[in-house]
Structures are given as structure tokens and as C-alpha cells.
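Okay, structure first, notes after.
Numbering (our numbering), first residue to last: 2 to 133.
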């Protein structure tokens, strides 16, 4: 989830606020019907591992701040690529009113999703993943 703060005079983005949303103990059948097919939850893993919400948040923050130290160098990208669920899948990406579809083949050095048609996608919502 992101929110951009733009400078009207320069027509550029001055700041970006980035957040993450994690359904940790959420029961998917309690979500609104329109997002049940798109959402996921860590509930069964959390309950099996007996990890509290606070322990999970602490682990996420510890990992984030470890990676954040080197984010400008891109040193984390090989590990990110290895774990990226989207790679080698057919995806549909929503950017405003535009939909872009293609095979996700890579993550470039700037963190953009690379499609097989050569497009580099820096933002958007992945709305469909077709498993092969």
C-alpha cells in the first residue's frame, strides 16, 4: 500500500508513504465477498506455529530494518527474486483504469516487475495470477 505526496509546482512526487497489510489471523470467510478470492491469510500457519501477533510483527520489523540498511544497493534483490511468488506466472496488473497482462519474468535492479513483452512495471495491483 502506498500513498504519494506530490509537489504541485514541480509536478513531481516529493514523498512516498509505504505500508504493508498482512492478514495474520483473519478468517477469509469473514472478509467482504469481493475480496475473498484475492486475499490470503497466515492464520493456519500462525496457529500451527503458536506465534503471537506481536512476535510476528517484531520478526517482520527486524527483517525490514536489516534489509533497509542496504536497500539502495539492491543487495536484497537476489533473495527477493528467489522468493517472489509472481515470477514465471501469468499476471494481470491494474494501474488505474489500465490493465496490463503478461508473463512475469524478472525483477529488475530498480525493483520493477519485468514482463516477457519487455515492460517494466513499477506500480500497480496484481489482480490475477494464473498458475501454470
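All C-beta atoms in this analysis are idealised placements derived from N, C-alpha and C, irrespective of residue type, glycine included.
Is it the case that the Cβ atoms of residue i and residue j are separated by a distance below 8 Å?
i, j, result
"residue 89", "residue 105", "yes"
"residue 81", "residue 122", "no"
"residue 152", "residue 96", "Only positions 2 to 133 of the chain appear in this structure, which leaves residue 152 out of reach."
"residue 43", "residue 55", "no"
"residue 94", "residue 127", "yes"
Using only the alpha-carbon positions, how far apart do residue i and residue j sit?
i, j, result
"residue 135", "residue 8", "For residue 135 there is no data in the structure shown, the boundaries of the chain being 2 and 133."
"residue 62", "residue 53", "14 Å"
"residue 15", "residue 3", "13 Å"
"residue 86", "residue 64", "19 Å"
"residue 26", "residue 32", "12 Å"
"residue 99", "residue 41", "24 Å"
What did DSSP end up calling residue i once you bin it into helix, strand or coil?
i, result
"residue 78", "helix"
"residue 16", "strand"
"residue 29", "helix"
Using DSSP bridges, identify the partner residues of residue i.
i, result
"residue 24", "Answer is none; residue 24 lacks a bridge partner."
"residue 99", "96"
Does the stretch 63–83 come close enough to the stretch 40–48 to have 3 or more Cβ pairs within less than 8 Å? no
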